[in-house]
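Each remark here refers to the structure printed beneath this line.
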Amino acid sequence: MRLSSWSTGSEPAAAEVPPAAPVPVSQPPAAPVRAAQSLVEQLSDETLLAGLAAGDERCTVAFVRRFQSRLLGVVVAVLGDGHAAEDVAQVAFERAWRHADSYDPRRGSVVSWLVSIARNAAIDAARVRRPLPIPGEELLARLGPAEGDDPERRAVTGEALGELRAALAGLPLAQARAVVLAGVAGMSASQV
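Add 25 to a position in the sequence shown, counting from 1, and you land on the number used in the working numbering.
The structure is reproduced here in structure tokens:
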């Protein structure tokens with residue numbers, strides 16, 4: 026690389042200079058960042074919620090860390106499915122973020138407000154996941170031998186199913202459906 030000089034042209038050309046080594050960019054020390062995050066984590070629930078509403082990243086991280094296990098526990102208790110519970114807990118945090126300005130400390134603590142959001146989100150998810158009931162006629166028509174059974178087993182099962190269908194045909198449709206759901210599908214009386 027040639028260095029140019031501010032000369033009038035009467036001076037000799039500048040000498041070759043080897044390229045300079047890159048200057049290391051100093052990184053900010055991690056200790057102050059951790060100390061600041063530690064201070065944020067010590068803030069009250071209400072202050073963290075206000076920071077969440079304002080979009081403060083450190084408050085948001087501290088808010089989620091503080092309540093994530095509690096919310097996940099509530100959602101798992103409602104749904105009974107850990108994988109779905111993680112998604113629903115995320116939805117609950119998103120709802121809390123969107124509606125943080127509606128929090129009223131006179132009506133309860135941040136924890137109770139957040140838990141109620143998570144519970145409602147879990148109930149909503151459970152309603153969506155609930156299978157639709159099958160009409161009685163279709164349910165009775167679906168009774169049949171398993172496709173993987175051998176021919177002898179299919180014959181025996183077919184005979185038994187014929188007797189079952191005949192017995193169920195003598196019952197009112199609602200009762201026949203209840204018998205099939207309890208006896209074949211293994212549902213409890215409250216589920217039927």
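Think of the CB as a built atom: it goes at the ideal place given N, C-alpha and C, for glycine as much as any other residue.
- ASP106 carries a coil assignment under DSSP once its states are collapsed to helix, strand and coil.
- Here PRO176 carries a helix assignment [DSSP, helix/strand/coil].
- Shown here, ALA150 sits in a helix according to DSSP, grouped into three states.
- Short of 6 Å from the beta carbon of PHE92, and not among the five residues preceding or following it, lie these beta carbons of its own chain, in chain order: LEU139.
- It is roughly 23 Å from the alpha-carbon of THR85 to the alpha-carbon of VAL101.
- Ranked by how close their Cα comes to the Cα of VAL99, the residues GLU188, ASN145, GLU66, VAL89 have ASN145 in first place.
- Beyond the five residues adjoining it in sequence on each side, GLU66 comes within less than 8 Å, by CB distance, of ALA87, ARG90, ARG91 in the same chain, given in chain order.
- Between the C-alpha atoms of GLU184 and ARG190 there is a straight-line separation of about 10 Å.
- The continuous alpha helix (DSSP H) containing LEU73 extends over residues 70–79.
- The residue from VAL103, TYR128, ALA214 with its alpha-carbon nearest to that of ALA78 is TYR128.
- Separation of GLY195 and GLU188 (C-alpha to C-alpha, rounded to the nearest whole angstrom) is 11 Å.
- Taking 8 Å as the cut-off, the Cβ atoms of VAL135 and LEU74 count as close.
- Excluding sequence positions up to five before and after GLU71, its CB lies within less than 7 Å of the CB of PRO130, VAL135, all in the same chain and listed in chain order.
- For the pair GLY76 and GLY133, the Cα-to-Cα distance works out to about 19 Å.
- By the Cβ neighbour-count rule, ARG202 is buried, with 16 or more other Cβ atoms within 10 Å of its own.
- Selection ALA207, LEU64, ALA150, LEU193 evaluated against ALA109 yields ALA150 as nearest (Cα-Cα).
- In the three-state reduction of the DSSP assignment, GLY133 falls in the coil class, being assigned neither a helical nor a strand state.
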